[in-house]
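A.B. asks: Submitted below is the structure of interest, expressed as C-alpha cells.
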Amino acid sequence: MLDIQLIRSHPDRVRGAIAAKKAKADVDAVLAADEKWRHATTEAQKLQAESNAANRDMGRLMKENRAEGEKLKVRLKELSDRRKALEDEAKALEGERDRLVLDLPNIPQDDVPVGPEETHNRVVKEGGAKPAFGFKPQAHWDLGPKLGVVDFDRAAKISGSGFVLFTGLGARLQRALVAWFIDVHTREHGYTEVYPPVLVLRDTMVGTGQLPKFEEEMYKLKDDPLYLIPTAEVPVTNIYRDEILPAEKLPLLHCAFSLCFRREAGAAGKDTRGMIRVHQFDKVEMVKWTRPEESEAEHEKLTANAEVLLNRLGLPWRRVLIATAGMGFSNQKQYDLEVHAAGVDRWIEVSSCSNFGEFQARRAGIRFRDTDGKLRYVHTLNGSGLALPRIVVGILENFQQADGSVVIPEVLRPYMGVDRLTAV
RNA sequence: GGAGAGGUACCGAAGUGGCCAUAACGGGCUCGAUUCGAAAUCGAGUAGAGGAUGAUGAGUCCUCACGUGGGUUCGAAUCCCACCCUCUCCGCCA
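Residue 176 in this note's numbering is what sits at position 163 of the first sequence, and the numbering runs on without skipping anything.
Structure, rendered in C-alpha cells:
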C-alpha cells in the first residue's frame, strides 16, 4: 500500500508507476475520495470536540440543576445526531478511499528498466554452462515416466489436469532438494527455518498484496474464510503483522518450505504439458525484514543466496532484471532466475527475488523503532530458493545421458543415496 | 462442539455510566544523580494512528485508540448484542 501522504503530494509519481506497470488503477479517484473524506472528517471532529466539551459539564449540571441539565440534554441529543450522521459519512468515504488505494501498485525503483516485458527485461548475470549432447535430449514429460519418477496420467486421475504424482526416486528427489535447500540457507546463509500454515485468513492475503487484486488466482475454501497460499511469502511475511520489531534484530531472515497452490486462471492453456506450470507445487522461500536503507543490498544478497544453489547443482542459469510491465504488483524491484532446460529448449523461471520496499510492511503494519525513537516501516523482501518441480525439470533434462539415465548432482547424493536415475 | 474464566501500555494489574487514559499501583527498560565501581536508593523518561494549521520543518490545536465490530445513552473501559483470541474442564480426534 502506498502512503496516502505520498499520493497527495506526488500524484504524478504514482501515475507514472501505474503506466509503467500497465496497471489498472485511478489516482484521481483516490485524490477525490481522499479530499471528500478529509472534509467530512474535519467537520465530524469539530462536532465531536464541541460535544465532548459540553458533556464534561453535564454530570455536574445534572446534580446541581436538573432542569437546566434536561434542557442541555435535548440540545446535545440534536448535536449528537448530527455528529453521528457525519461520522457515518466520513467512514463510508474512508472505506471507499482505502479500497482505491489498495489497488495502486508499488512504484518501481529508479534503476528498473521501463517498458514491456519481452523487449526490456535485461539479462544481468549468467552462470553454469548448457550441457553438450551427442543425441537429441528428451523433454521431462517423456523422460520422467520412463524413469518411473513421475506419473502424469494417474495424477490427472486423482486431481485432474495440472497436477503431478511423484513416484519412487522422483518423490525422494523432491524431498532431497527441499532438505538440501533449507540446509544451505540455515547453515550458510543465516536464515532461521519456519514451517507455516498453508491455509490463511483473508487479512493475511491482503497484507502481502495478493488480495484484493488477484482473487481469481487463489484457491478459496467454501465453508471457511480461508485461502490456500500461492507462496510461503504470504504466511511468513505475515508472521510479524502488526508488530514492532526490535531494531537490533534487523535484518531478520527466515526461510520456509511450503506447498503452493495456484489456480492459474489467467494462464489457461499455457504450459499444459509436463510439470512446468501446475496447480500445486513445493517451494523453499527466503523472506527478509530490513531497515529501509539496507534493503537494496539485502536484495542482492538474497538473489545471490538462490544463485548459489543453482551453481552447486550445476544447472545453466541466468539472472533477469524484470522491466516495469513484467513486475509484480507489490514489487519495487524484481530479479527472476531462469534455468535452461535442454529437453524443451527454453528458459524456465525457477526463482523470483523481490524487494517490496515498505509497500507490504505498510499494508501489514510491520515496523521497527529507529535510533531516533521514531517508528518506521521495515522493508520486506523475498525470493524462491528454489521452486520445485521446475528444478526437477532442469535436472532431468540437463543431466540425462545417452542411455536414458539421469545423473544426480553431487550435492544431492547424500540425500538421495544413489548417484543416478535409471530407466525401469 | 459444550461449560466456565479472561483480553486495559513492554509485563503484571486497578478501574463496573461523567472528576479514569499522555491509564492508579507494582515491575521491567533507558538516561541522570549517588558510588572507586556495583547493588540499594532518589529523579526524569518510556504510544500510537489520523485531521486542522505551518513549508512534507518546528510548534500549536483537535479527534480516535481499554480484543474486534455494532447498539443503548447527552455521555461507555464500564450496560446490551455479535464475533475473534487465550486459559481451565468435558466431548471428539491424528
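Ideal Cβ positions, reconstructed from N, Cα and C, are used throughout, including at glycine.
Because the structure is a prediction, the values reported are computed rather than measured.
In this structure, does DSSP put E48 in helix, strand or coil?
C.D. replies: Of the three classes helix, strand and coil, the one that applies to E48 here is helix, per DSSP.
A.B. asks: Cα separation between K34 and F342?
C.D. replies: Those two C-alpha atoms are separated by around 8 Å.
A.B. asks: Locate the alpha helix (DSSP H) running through E371, then write down its first and last residues.
C.D. replies: Neither: E371 is in no alpha helix (DSSP H) and is coded neither H nor E.
A.B. asks: With DSSP as the reference, label I289 as helix, strand or coil.
C.D. replies: Coil at I289, not helix or strand.
A.B. asks: So the alpha helix (DSSP H) H392 belongs to, where does it begin and stop?
C.D. replies: No alpha helix (DSSP H) holds H392; the beta strand (DSSP E) holding it covers 392 to 400.
A.B. asks: Taking the alpha-carbon of V7 as reference, which of G398, R376, I404 has the nearest alpha-carbon?
C.D. replies: This structure cannot speak to residue 7, because the chain is shown only from 14 to 437.
A.B. asks: DSSP has K233 in a bridge; who is on the other side?
C.D. replies: K233 is bridged to Y240.
A.B. asks: Tell me whether M299 sits in a helix, a strand or coil according to DSSP, three-state version.
C.D. replies: Looking at M299 - three-state DSSP - the assignment turns out to be strand.
A.B. asks: Would you kindly work out how many angstroms separate the C-alpha atoms of A98 and H52, rounded to a whole number?
C.D. replies: Rounded to whole angstroms, A98 to H52 spans 14 Å at the Cα level.
A.B. asks: Using DSSP with H/G/I as helix, E/B as strand and the rest coil, what is H353?
C.D. replies: Looking at H353 - three-state DSSP - the assignment turns out to be strand.
A.B. asks: Under the three-state reduction of DSSP, which class applies to V138: helix, strand or coil?
C.D. replies: Per the sequence presented here, residue 138 reads as Lys, with Val not at that position. Reduced to three states, the DSSP call for K138 is strand.
A.B. asks: DSSP beta-bridge partners for F165?
C.D. replies: Partner(s): none; F165 has no beta bridge.
A.B. asks: Should D47 be labelled buried (16 or more other beta-carbon atoms within 10 Å of its own) or exposed?
C.D. replies: Looking at its Cβ environment, which holds 16 or more other Cβ atoms inside 10 Å, D47 is buried.
A.B. asks: Report the partner residues of T316 according to the DSSP bridge assignment.
C.D. replies: DSSP, once it has assigned bridges, lists no residue as partnering T316.
A.B. asks: To the nearest angstrom, how far is the alpha carbon of G222 from that of R376?
C.D. replies: For G222 and R376, the distance between alpha carbons rounds to 8 Å.
A.B. asks: So what's R28 in DSSP terms, helix, strand or just coil?
C.D. replies: R28 falls in the helix class under three-state DSSP.
A.B. asks: Per DSSP, what kind of secondary structure is R433 in: helix, strand or coil?
C.D. replies: Three-state result, R433: strand.
A.B. asks: Measuring alpha carbon to alpha carbon, tell me which of N344, F270, K59 ends up nearest V125.
C.D. replies: The candidate whose alpha carbon is nearest that of V125 is N344.
A.B. asks: If you draw a straight line from the alpha carbon of P305 to that of R286, how long is it in whole angstroms?
C.D. replies: One C-alpha to the other measures close to 42 Å.
A.B. asks: By the three-class DSSP mapping on this structure, what secondary structure does E277 have?
C.D. replies: It is coil, neither helix nor strand.
A.B. asks: Any idea if Q18 is buried or exposed, counting beta-carbon neighbours within 10 angstroms, 16 or more meaning buried?
C.D. replies: Classification for Q18: exposed.
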